[in-house]
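Report on the structure given below.
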Amino acid sequence: MTRTIEPNECRQDSGVFMPVIDRNSCEGKGDCVPSCPYNVFVLGVLPKEEHSNLSLKGKVKGFAHGWKQAFTPNVAACRACGYCVAACPEHAIKLQRTPK
Ligand code: SF4
Numbered sequence: 060m061t062r063t064i065e066p067n068e069c070r071q072d073s074g075v076f077m078p079v080i081d082r083n084s085c086e087g088k089g090d091c092v093p094s095c096p097y098n099v100f101v102l103g104v105l106p107k108e109e110h111s112n113l114s115l116k117g118k119v120k121g122f123a124h125g126w127k128q129a130f131t132p133n134v135a136a137c138r139a140c141g142y143c144v145a146a147c148p149e150h151a152i153k154l155q156r157t158p159k
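Under our numbering, think of the first position of the sequence shown as 60, with each following residue one higher.
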């Protein structure tokens with residue numbers, strides 16, 4: 060389901076928090092992409108060299124879903140509204156404070 064989100068609903072300054080994707084949980088379903096008013100996410104394919112970092116669960120999920128996952132090329136634009144966290148059906152996204 061896609062919903063309209065006004066960017067001014069996110070009150071936090073950008074760059075203070077960032078979404079972190081659990082690579083062992085993400086199934087590349089893509090709900091985070093339209094949920095973010097700041098275009099933080101894109102869907103892509105987990106590089107082969109990163110497959111060995113996954114748990115057994117992550118490897119099974121990755122294989123089953125063609126290694127499709129979400130990535131955050133625009134992570135600095137995050138304003139911590141939390142819509143992506145709520146949108147992910149796999150509970151794979153957490154917000155954490157950006158390291159200084
Ligand atoms: S919390 Fe998620 S939806 Fe909100 S701005 Fe950050 S990345 Fe986008």
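Just so you know, even glycine gets a beta-carbon here, dropped at the ideal spot from N, CA and C.
- Between the region 137 to 156 and the region 102 to 111 there are fewer than three C-beta pairs closer than 8 Å, too few to call the two in contact.
- Between the alpha carbons of D72 and R138 lies a distance of about 6 Å.
- Close CB contacts of V79 within its chain, under the 6 Å cut and outside five residues either way in sequence, are with K153, Q155 (chain order).
- Straight-line measurement puts the Cα of E109 at about 11 Å from the Cα of G117.
- At least one heavy atom of the ligand SF4 falls within 7 Å of the beta-carbon of P78.
- Inside the region 69 to 117, DSSP marks whole beta strand (DSSP E) runs of 3 or more residues at positions 76 to 80, 101 to 104, from first to last along the chain.
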